[in-house]
Structures are given as structure tokens and as C-alpha cells.
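In the working numbering, the protein residues as written are 76 to 652.
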């Protein structure tokens with residue numbers, strides 16, 4: 076077994092530049108490793124560096140990478156030096172922060188995490204010493220742990236990674252990180268929550284009390300803390316990652332509810348000062364006009380002529396880009412859209428835009444993609460929503476597909492199912508297909524228990540996607556533990572059937588943000604990662620030639636306003652292009 080180990084950090088000066096700026100040099104030692112291991116290490120190193128280099132440093136307060144290189148089988152990274160003090164001197168034992176200061180810390184760091192998580196970058200080692208405050212009060216995040224991870228990797232003789240030690244700091248790491256399990260971005264939220272609790276209580280993480288049975292962190296009974304702030308921090312540091320906030324943006328939304336209240340109170344108090352001043356101003360202005368005996372327009376400093384008439388300025392109005400007219404085929408009509416339950420949120424969004432601009436409405440019909448396409452082909456419906464592309468035969472029957480959005484096919488387990496290790500594409504093929512069949516959770520490292528598979532109908536877009544992309548167009552291999560949904564509903568019907576032993580699947584638009592399921596990683600990737608393997612296009616399908624109403628509707632859906640509304644659906648915004 077070969078281990079890559081040792082890392083050191085230095086403050087260095089760039090002697091080639093006139094002002095000789097200071098930088099941070101991180102040195103990752105890799106001596107005594109054989110050549111194949113070094114090559115594998117270089118791949119891991121460069122992958123992490125490339126992620127960090129792609130960050131837009133003008134949008135987030137993190138230490139910028141100046142240079143990175145490999146020399147004599149050792150790795151070096153040169154970072155921007157952030158002039159200031161790290162927070163380990165301020166956040167220490169018996170030094171209690173007030174709530175206002177803690178909220179400011181949370182808001183600043185969460186804004187950084189909101190951006191870097193969207194760029195598929197995680198920090199893995201948030202703690203006071205990795206938070207640097209400049210003289211202007213701005214906090215910067217330094218020393219991303221993903222790069223440091225290279226110094227903990229262990230390889231076998233085939234240069235495959237066989238183990239790695241957690242790169243975080245004990246006490247700040249969530250339980251899943253300490254155990255070396257796959258990590259979601261909310262592991263950073265846990266570490267930040269621990270840091271905030273340490274600032275409030277003055278207790279180091281290893282001394283913060285934990286419940287003897289649940290292992291839950293117990294801290295708020297030591298002091299008086301705003302109830303809402305307590306609830307936010309408790310949710311950030313929940314030992315079960317599924318119970319934590321899913322994103323930094325969600326924490327920021329809850330924090331804004333706390334910070335809005337003092338502002339409202341301050342405004343209320345200000346009125347006691349402002350009202351008397353306004354009254355004095357009105358009396359003074361009225362008397363001043365009487366003294367001058369003139370009428371004037373103060374904003375333009377113009378005196379009106381005796382024959383002129385002052386007209387009020389027109390009130391600006393915002394008109395929609397598409398104003399309905401009497402002969403508009405989309406004005407005051409009902410539009411039925413059959414098909415794909417995966418597109419229910421998209422249909423709802425289009426419906427709101429249609430009602431706003433055209434005084435019309437959508438009547439959705441929640442069927443499978445196949446049912447909707449079949450209804451359009453037979454002339455029973457005008458439009459179908461489809462989460463799969465048309466087949467060759469369907470196109471030959473004069474059906475047309477219009478691409479309008481994207482989603483991901485996700486695989487989920489029940490919240491009470493403790494399995495959180497994700498699946499590889501090969502494992503999915505073995506669960507759904509016939510080759511090297513996996514039928515028991517014990518094959519995945521869990522306790523002995525049969526795997527139930529909750530299937531969507533065979534003509535649904537999700538099931539077709541599994542057959543085409545997961546099974547490589549081979550057939551399913553069902554057994555007695557396979558169960559097929561009747562109504563194709565992912566939330567109302569699928570989720571209750573998962574229980575503790577089943578795997579199901581569906582659209583990320585319906586399941587990506589569900590807190591009642593675990594959305595499993597596939598090949599190590601989260602559903603909204605760029606590298607996630609099962610991406611899909613979503614279509615509207617109609618028969619050619621389209622009626623004037625259908626033609627106008629498709630044009631409306633593809634307009635800039637509607638496309639932006641679709642992109643603003645929370646689950647759609649989370650997908651990295």
C-alpha cells in the first residue's frame with residue numbers, strides 16, 4: 076500500500092514584482108511513491124485545482140489560486156494572501172459573541188458557500204482558522220479541503236484509490252464525513268453551524284454537550300438565544316444530513332426573517348422623529364409659497380407662463396411583451412396538455428404565464444408520456460408533455476417535438492432507509508436488469524433484506540429512459556419484488572411505497588428537493604452536478620401541421636419571458652448546465 080502524506084504551508088514573497096506581494100504556498104509532499112501512484116495523484120490534484128480556477132473570484136470572497144505546479148513528484152499551490160486575522164483568535168474559549176455578530180458571520184460565509192456550491196465546489200474544512208476577516212470587516216474563506224485530500228489518499232498496486240482519510244477537522248466535521256462516506260454540500264453547513272455555536276457559547280466543539288441517546292448537539296440550554304436563530308443552527312448541525320438544510324440559500328432565507336424584524340422596529344421608531352419634521356416642512360413650504368406668490372415646478376426649476384397649464388406626469392405602466400387581441404388564437408381559451416407527470420411544475424409555470432399575458436388557462440392531464448403522445452397521435456389531444464424523445468415511428472406519423480426544458484432522472488430511497496452510499500451505473504443495471512442480478516441490500520453492504528423496486532408504468536418517460544440509458548436498450552428483469560405504479564404519481568404514490576427497503580425513480584423536478592426521500596448519488600455525483608450521468612430533455616409534442624392555437628402556443632412557450640419563468644423554477648435553477 077502506498078500513501079501520499081504530509082502537507083505544509085508557507086508565506087512567500089514574489090520577488091519578481093515591484094511591490095513584492097505576499098502569497099500563500101501550500102506544499103503537498105509525495106516522496107517515496109512509485110510512478111503509477113504519482114500519475115494517479117496528478118489526475119486527482121489537477122481535477123480539484125481546475126474546479127477552483129473556474130470560480131469567478133469577483134463574485135465570492137475566497138483566496139484566489141495564483142499558480143499550481145508539480146515538481147519532483149511533489150505538488151505546490153500558490154494562493155492569494157488575504158491580509159487580516161483568522162477568526163480563531165476571536166472565536167475561542169470563554170469569548171462569547173452576541174447574536175448580531177454571529178448572524179453577520181453566517182450571512183457572509185453562506186453567501187460564499189451559495190456561490191461555490193453552485194459551481195460544484197465544496198470546502199470540507201470550515202472552521203475559525205480558515206475564516207479570515209479583513210480590516211473592512213469582510214470575511215474570506217481560505218484553504219479548501221478538496222485539494223488537501225490528495226495527501227490522505229491510499230492506492231493499491233493497480234493505482235486505484237482504496238481509502239482516504241477525512242480532510243476536515245474533528246469536531247467541525249459532520250458524522251458522515253468522519254466515517255468517510257459520500258458527502259453532500261450541506262457538510263459545509265454543518266461545519267459553519269458548529270463554528271457559530273462555538274462563537275455563541277465560547278465552548279470548543281469537543282466540549283459541546285451531546286445527547287447520550289440521540290447524539291444530538293445540546294447547546295441552547297446554556298444561554299438565552301433568539302428562538303429562530305436556535306432553530307436555524309439546530310437544523311444546520313443535525314447529525315442526519317437528510318434533516319439538514321439542503322443548501323446555503325435556504326439558510327439565508329430563514330436568516331432574513333430574523334434580520335427583518337429589527338429593521339421594522341427601527342423604522343417604526345423613526346416615525347416619531349420623522350412625522351414632526353414633515354409637519355414643520357409642510358407648514359414652512361406653504362408659507363413660503365404665499366410669500367413668493369409664484370407657482371413653480373421644483374424638480375425642473377421652471378416658472379410657468381400665464382398661458383401654460385400644468386399636466387400631471389403620466390404614470391408609467393409595464394406592458395407584457397405579448398398583448399392579447401381579439402383575433403389572437405391564445406386569447407381567452409383553454410389548452411389541454413396531456414402526458415408526463417415529470418413536467419407538472421413546468422405545465423403549472425406555463426399556465427401562470429399564459430393567464431397573465433393571454434387571459435387563458437392550461438388544463439393539465441397527468442398521464443404518462445406514452446399516453447399523452449398516443450392521445451395526440453389519435454387526435455384526442457392537441458398537445459402532449461413528454462420526458463422522452465419521439466421514436467422514429469412516431470415522427471413518421473407526423474408528430475413533432477419541441478424542446479422546452481431539461482431535468483435529471485433521479486433514483487431515490489425512503490427516508491427511513493439508512494442506505495446513503497449511492498449507486499454506480501453498474502449496480503443500477505444489476506438491480507433493474509438480468510445480468511449479475513442484485514436482489515438484496517446485503518450486496519450493497521447493508522443488512523440482509525430483499526430490495527423492492529417501485530417501477531413507473533412501462534410507457535412513462537422515466538421508465539423508457541432507464542431502458543435506453545441505464546440498461547443500454549436491454550429489457551427489464553423483474554421479479555416478485557418489482558411493483559408498478561398505477562397512477563404514475565411520483566410524490567403522492569411513489570414516496571409512500573418506498574418505506575425502508577425499496578428503490579424508486581422519477582424526475583428531479585418532482586423529487587430533487589423532496590425532504591421525505593433520499594436522492595442517491597449516481598457514480599459519485601449528485602443529481603444537479605454537471606457530471607451526473609442521467610440527463611434528459613423535456614418536450615412538447617403536437618401533430619403536424621399544427622392548428623393556429625397550437626402554433627401560437629408553442630411560440631408563446633418558447634418566448635423569452637416563458638423560458639425565463641421555466642428556468643426560475645427552483646429545481647431547474649439547481650441544475651448546473
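Even glycine gets a Cβ: it sits at the ideal position worked out from N, Cα and C.
For residue j and residue i, the rounded distance between their alpha carbons
i	j	result
residue 157	residue 166	19 Å
residue 342	residue 286	Because the pLDDT at residue 342 is just 47, under 50, the model does not fix this residue reliably, and the value given afterwards should be weighed accordingly. C-alpha separation (whole angstroms): 42 Å.
residue 444	residue 577	24 Å
residue 151	residue 121	11 Å
residue 290	residue 269	14 Å
residue 306	residue 160	30 Å
residue 537	residue 87	55 Å
residue 234	residue 547	With a pLDDT of 47 at residue 234, under the threshold of 50, the modelled position of this residue cannot be trusted; read the value that follows with caution. So the two alpha carbons sit approximately 29 Å from each other.
residue 629	residue 425	11 Å
residue 634	residue 470	24 Å
residue 312	residue 267	9 Å
residue 495	residue 85	38 Å
residue 624	residue 560	34 Å
residue 505	residue 601	20 Å
residue 320	residue 142	34 Å
residue 277	residue 164	12 Å
residue 176	residue 123	33 Å
residue 651	residue 169	43 Å
residue 638	residue 644	10 Å
residue 622	residue 463	23 Å
residue 171	residue 184	19 Å
residue 260	residue 148	31 Å
residue 403	residue 482	32 Å
residue 323	residue 555	42 Å
residue 208	residue 127	21 Å
residue 243	residue 258	12 Å
residue 330	residue 250	25 Å
residue 315	residue 145	39 Å
residue 618	residue 512	41 Å
residue 631	residue 248	49 Å
residue 551	residue 613	23 Å
Closest residue to residue i among the options (Cα-Cα distance)
i	options	result
residue 133	518, 148, 466, 186	186
residue 173	273, 417, 582	273
residue 195	406, 131, 463, 282	131
residue 136	198, 638, 511, 163	198
residue 303	333, 268, 513, 504	333
residue 540	480, 502, 598, 610	610
residue 421	309, 583, 317	583
residue 590	317, 312, 435	317
residue 607	498, 524, 511	498
residue 465	615, 202, 206, 299	615
residue 565	531, 142, 281, 218	531
residue 419	647, 251, 262	647
residue 557	321, 178, 508	508
residue 417	308, 569, 244	569
residue 155	89, 588, 613	89
residue 605	193, 415, 592	193
residue 212	191, 219, 182, 190	182
residue 300	263, 178, 410, 454	178
Reduced DSSP secondary structure (H/G/I, E/B, other) of residue i
i	result
residue 538	helix
residue 156	coil
residue 558	strand
residue 489	strand
residue 465	coil
residue 639	helix
residue 196	coil
residue 528	strand
residue 88	strand
residue 209	coil
residue 440	strand
residue 143	strand
residue 593	strand
residue 449	helix
residue 612	strand
Whole-angstrom C-beta distance between residue j and residue i, which should lie under 8 Å
i	j	result
residue 437	residue 412	6 Å
residue 433	residue 406	6 Å
residue 217	residue 205	5 Å
residue 636	residue 428	7 Å
residue 467	residue 580	Not quite, the Cβ-Cβ distance comes to about 25 Å (not below 8 Å), so this is no contact.
residue 523	residue 515	6 Å
residue 308	residue 189	Rounded, the Cβ-Cβ distance is 18 Å, inconsistent with contact.
Inter-stretch contact at 8 Å, needing at least 3 Cβ pairs: the segment 466 to 477 / the segment 567 to 575: Pairwise C-beta distances place the segment 466 to 477 out of contact with the segment 567 to 575, as fewer than three of them are shorter than 8 Å.
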